[in-house]
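Numbered according to this note's numbering, the sequence shown terminates at residue 799, and the numbering increases by one at each position without gaps. Heads up: the structure comes next, in structure tokens.
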Amino acid sequence: MGIESTSIKSILRIRPPHKDKSLRVRDKTVYVDKNSQEELSFLFDAAYKSDSTQEDIYRNIEVYLDNIARGINTSILAYGATGSGKTYTMCGTSADPGIIPRMASDIFGRYTETLSVLFKVGIEMTYIEIYNEKVYDLLVEEPVSLPVREDSQGRVVIQGVLEKKVRTEKEFEELFNKGGHRRKQRKTLLNTESSRSHAVVTLFITLSTDSTMVRTKINLVDLAGSENNKRTGNEGVSMVESASINRSLFVLNKVIESLGQGSARIPYRDSKLTRILQDSLGGMSDCALIVNIQGDSSAETISTLAFSGKSRKVKLKPQSEKIAFNKWTDIVKDPRPARMPIRGHSASATSLRPVYTHAGSSMGYGKKSSSENRAPNSSEREEKKKHKKSEADHTLKKPREKKQKVAREYKKQSIEAILEIVNSQDFLRIKSLPMIGDQRAEKIIKYAQKNPIVDINELLQAGITKKILANLVI
């Protein structure tokens with residue numbers, strides 16, 4: 326993954342059993358017999374037959390975790406007809422977990438452990454469902470419909486959604502399971518536990534130092550399946566649910582098609598699903614689509630495969646966003662009245678920003694006293710200049726002193742240990758080394774991909790300076 330322009334990545338998974346020979350997989354291409362004379366083909370970034378494991382699929386997704394340190398948002402979507410295995414792929418079982426619990430395990434485990442060397446790490450989550458074009462918070466006891474609007478900065482927010490602070494994998498698991506039990510399900514002829522809503526788990530990971538803050542978002546989306554009412558036997562309420570599901574998926578198709586064609590108007594506002602996922606589908610995020618199908622040549626299968634073809638034409642430009650702030654100022658949310666509440670579900674990579682305070686106003690927006698309103702005299706102006714210069718010097722010196730302290734506290738390693746780290750081509754491990762930033766880590770990885778780094782001279786060629794080496798090696 327990188328910051329260069331990319332496409333939505335598509336991964337195929339066939340649900341077992343697969344006995345229909347009219348659908349075949351060769352390498353990354355799926356071939357389907359439309360009729361006795363016509364064969365259709367669909368190319369994927371990865372294609373898995375019916376004997377694939379949860380681990381096989383997750384291997385294609387775990388690479389996106391490197392986006393956390395880069396400050397790039399990521400969305401993973403499971404798409405397919407009803408009963409094709411989307412929820413199993415995303416959630417799995419206690420014995421064989423899916424993408425969501427596996428990703429949470431890595432985030433709270435090895436990624437937090439590695440990132441905490443350089444950053445203070447904070448994690449929050451939201452869990453919502455979109456049912457009959459209404460948004461519900463699955464982390465509250467009695468969910469109510471929540472409005473979706475834009476804030477003053479043009480970001481899509483879900484008004485009133487709960488952002489729950491999560492400290493451990495166990496806490497996440499408890500919240501995820503409780504939310505899953507609140508999700509709407511109903512029995513159909515094709516699926517005994519058919520999901521009647523789109524579900525979105527969002528993890529917000531905040532990485533902060535004395536001078537910067539990055540807040541990255543990961544959307545994990547289990548879409549409801551498109552339905553043929555004749556095959557599912559839908560009636561009454563199920564028919565209404567099916568119409569809503571099919572309508573939102575139709576809009577999703579139109580959005581993907583419009584993005585692929587470079588259309589001037591993209592119909593994001595035509596459904597709550599596309600509105601909420603707007604930045605993920607055509608914005609500055611990375612995105613992967615897991616395409617789930619039955620092993621046959623039905624109209625539903627062909628429609629699903631065609632959707633994946635459209636998605637691969639969508640160009641993305643994932644970008645990182647960092648916020649600079651002063652350790653000695655308060656990091657608070659804007660206290661002024663706004664069109665949206667403070668606690669919102671933002672589609673931006675970052676939602677926190679610095680607000681600099683001063684005496685006489687705890688938040689910087691208080692009413693000034695009469696002495697503050699009058700113009701300062703010459704002696705007061707001179708004193709103010711000295712005070713500002715003193716503050717500026719203090720602000721500049723403090724973070725630098727802190728960084729030097731961190732470098733001193735780092736435990737130096739042998740040259741063999743350093744070589745093992747750089748040759749691992751693991752972005753986070755390399756970046757955890759002192760004085761190694763994003764660009765230098767990328768440069769080291771590119772060098773190591775060509776040839777293993779074997780000595781100090783090659784470390785220098787890879788981009789690690791003598792000054793950095795002095796802080797790394799025993």
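Glycine included, C-beta positions come from ideal geometry on N, C-alpha and C. Computed from a predicted model, the values in this text were never measured in an experiment.
Nearest candidate by alpha-carbon position, reference residue i, set the options
i: F575; options: S596, L641, T790; result: S596
i: R507; options: L548, S520, F497; result: S520
i: G585; options: Y383, S441, Q603, K638; result: K638
i: H343; options: G762, L753, K792, S623; result: S623
i: G479; options: A773, I448, Q603; result: Q603
i: S569; options: V486, T437, S522, G423; result: S522
i: N360; options: D621, K737, R474; result: D621
i: R765; options: N776, S739, I793, E741; result: I793
i: T493; options: G504, S477, G434, F529; result: G434
i: K495; options: Q738, E458, P426; result: P426
i: S605; options: S567, I743, K542, V565; result: K542
i: T629; options: L548, S645, K459; result: L548
i: I627; options: L598, K459, E363; result: E363
i: D611; options: L545, I770, R754; result: L545
i: Q484; options: P592, V460, L500, E499; result: V460
Counted within 10 angstroms of its Cβ, other Cβ atoms place residue i as buried (16 or more) or exposed
i: H670; result: Because H670 sits at a pLDDT of 43, beneath the cut-off of 50, its placement in the model cannot be relied upon, and the following sentence gives the value as read from the coordinates. Buried.
i: D462; result: buried
i: D780; result: exposed
i: E625; result: buried
i: I789; result: buried
i: P777; result: exposed
i: V473; result: buried
i: R594; result: exposed
i: Q619; result: buried
i: R590; result: exposed
i: K445; result: exposed
i: S588; result: exposed
i: K411; result: buried
i: A420; result: exposed
i: V580; result: buried
i: G762; result: exposed
i: T527; result: buried
Beta-ladder partner(s) of residue i, from DSSP
i: Q619; result: R340
i: I543; result: T399, L528
i: L641; result: T331
i: Y404; result: V616
i: V747; result: DSSP output for V747 lists no bridge partner at all.
i: H523; result: I455
i: G417; result: P422
i: S551; result: A406
i: V798; result: Q738
i: D611; result: T399
Distance cut-off 6 Å: residue i Cβ against heavy atoms of the ligand NAD
i: P472; result: The ligand content of the structure shown is nil, which means the ligand NAD is not present either.
Q: List in chain order: all unbroken alpha helix (DSSP H) runs of 4+ residues lying wholly within the stretch 349–402.
A: Runs of the alpha helix (DSSP H) inside the stretch 349–402: 379–386, 392–395.
Q) Below 8 Å, can you find three or more Cβ-Cβ pairs linking the stretch 383–396 to the stretch 339–350? A) Touching, no.
(Q) Below 8 Å, how does it come out for the stretch 786–799 and the stretch 755–764: are there three or more Cβ pairs, yes or no? (A) Touching, yes.
Q) Counting Cβ pairs closer than 8 Å, one from the stretch 454–465 and one from the stretch 411–419, do we hit at least three? A) Segments in contact, no.
(Q) With three or more C-beta pairs closer than 8 Å as the rule, is the stretch 330–346 touching the stretch 368–378? (A) Taking a cut-off of 8 Å for Cβ pairs, the stretch 368–378 and the stretch 330–346 touch, as three or more such pairs fall below it.
Q. Which parts of the stretch 443–503 are runs of the beta strand (DSSP E), unbroken and 3 residues or longer, counting only runs that do not cross its ends?
A. As for any beta strand (DSSP E) of minimum length 3 sitting wholly inside the stretch 443–503, the runs are 445–456, 459–462, 473–475, 481–483, ordered along the chain.
Q) Can you find at least 3 beta carbon pairs, one from the stretch 466–476 and one from the stretch 781–789, that sit closer than 8 Å? A) No, the stretch 466–476 does not touch the stretch 781–789.
**Q.** Given 8 Å, three or more beta-carbon pairs between the stretch 628–638 and the stretch 397–408
**A.** Contact between the stretch 628–638 and the stretch 397–408 is present, because at least three Cβ pairs lie under 8 Å.
Q) Touching or not, the stretch 742–752 and the stretch 374–385, by the rule of three or more beta carbon pairs under 8 Å? A) The stretch 742–752 makes no contact with the stretch 374–385; the number of CB pairs closer than 8 Å stays below 3.
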